[in-house]
Amino acid sequence: MPELPEVETIRKSLSPLLLGLRVEKLEVFCPDVVIQYGDVPIVNSIISALRRRGKYLMIDLMDESRSGHVATIMVHFRMTGKLLYKDHYEEPAKHTHLRFHLSDMQGTVKYLDFNDVRRFGKLWLLPPGGESMDPGFSRLGPEPLGKDWTAEDFLAQIKRRPQSTVKSLLLNQEVVAGVGNIYCDEALFRAGIHPARRNGSLSKEEALSLQAAVREVIAAGIGHQGTSFSDYVDGLGNRGHFQLQLKVFQQEGKPCSVCGSAIEKIRVAGRGTHYCPQCQPVDIDKA
DNA sequence: GCCAGCCTGTTG
DNA sequence: CAACAGGCTGGC
């Protein structure tokens, strides 16, 4: 489920609650969602930072003297993963695969549950710097809102894949990290580019407009605390609001906000793809 | 490159 | 009942 804006919202929602808490115990109900490299000191460590990279969330742990980084808990939510914070005891909900028992300075116990209906999500227990042990992480491209996602870089990535579609370009985490199906369709609409266009058919102006559109929709998604059209919630169970701003995603049959044409849904790169046939025409000469 | 497969739940 | 779902991997 969560794309970059949703993971960033989860990070922001959990940070103030988790920082400084000590890990007392780790309860694993479903071992196959956990990947551990070596003997990682999770228990008795203190949460020191929450970071995000692409669609991955990292929880850093320091030792009890609070002097050094000793481990990282890394999470990928895939389609239906959730991290949920509880400030009092509750029976683990259905599909809770793992629970961290945490405590504050007063010794009050808190819980952090990893829940995932479809069990596509993963949680790693890593030594410091161990994120790149996951091949998906190690291949991540630039952050869409970072300064190293330059025009030159994006144009070069486009040039490398002239025959592939722009839909698969934006969904490729090696090209730019964190874009998923929602923000991909929304960015293509904003740039006025048909999702099935070949990368090689894009003019330089179209490519730069698409890059700007990706930055816009990702920033807007973060600004609205993510998109909850079905079951996405942040670390406290709060829904996002960007579903109210969607122009094409999940809008099949509804009138385009720009031209009034009915939004269409097709399949591109194996994914449900929403677009406006008027605002995002197929370029017959170049497609 | 593509797309089946991984899972369970929901929807038409 | 079949089709589909916000993601990614691995096998052609």
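Numbering (the numbering used here), first residue to last: 804 to 1090.
Beta carbons are placed, not taken as given, at the ideal position from N, Cα and C, and that holds for glycine.
Since we're looking at a predicted model, the values are computed, not measured.
Collapsing the DSSP output to three states places N918 in a strand. Residue pairing by DSSP places M877 opposite M861, W927 in a beta bridge.
Three or more beta-carbon pairs drawn from the region 1073-1085 and the region 979-995 are found closer than 8 Å, and the two stretches are therefore classed as touching.
Close CB contacts of S941 within its chain, under the 6 Å cut and outside five residues either way in sequence, are with S935 (chain order). Remark: three or more beta-carbon pairs, one from each stretch, lie closer than 8 Å, so the region 1013-1028 and the region 1045-1055 are flagged as touching.
Between the region 948-961 and the region 893-906 there are fewer than three inter-stretch CB-CB distances shorter than 8 Å, so the stretches are not counted as touching. By the CB criterion at 8 Å, A874 and L943 fall outside the cutoff. With a cutoff of 8 Å on beta-carbon distance, E806 and K858 are scored as near each other.
The region 832-844 makes no contact with the region 1050-1059, as fewer than three CB pairs between them are under 8 Å. Cβ contact annotation for E811 (same chain, cutoff 6 Å, sequence separation greater than five): R855, I1025, in chain order.
In the DSSP assignment, the residues bridged to L905 are V826, K913. In the DSSP assignment, G1075 falls within the beta strand (DSSP E) that extends over 1074-1078. L973 and D919 have their C-alpha atoms roughly 25 Å apart.
For Q976 against G939, the beta-carbon gap comes to about 7 Å, under 8 Å, which counts as contact. Residue state for E867 is assigned as coil, using DSSP reduced to three classes. Shortest Cα-Cα distance from I849 to any of R869, F832, V843, M861 involves R869.
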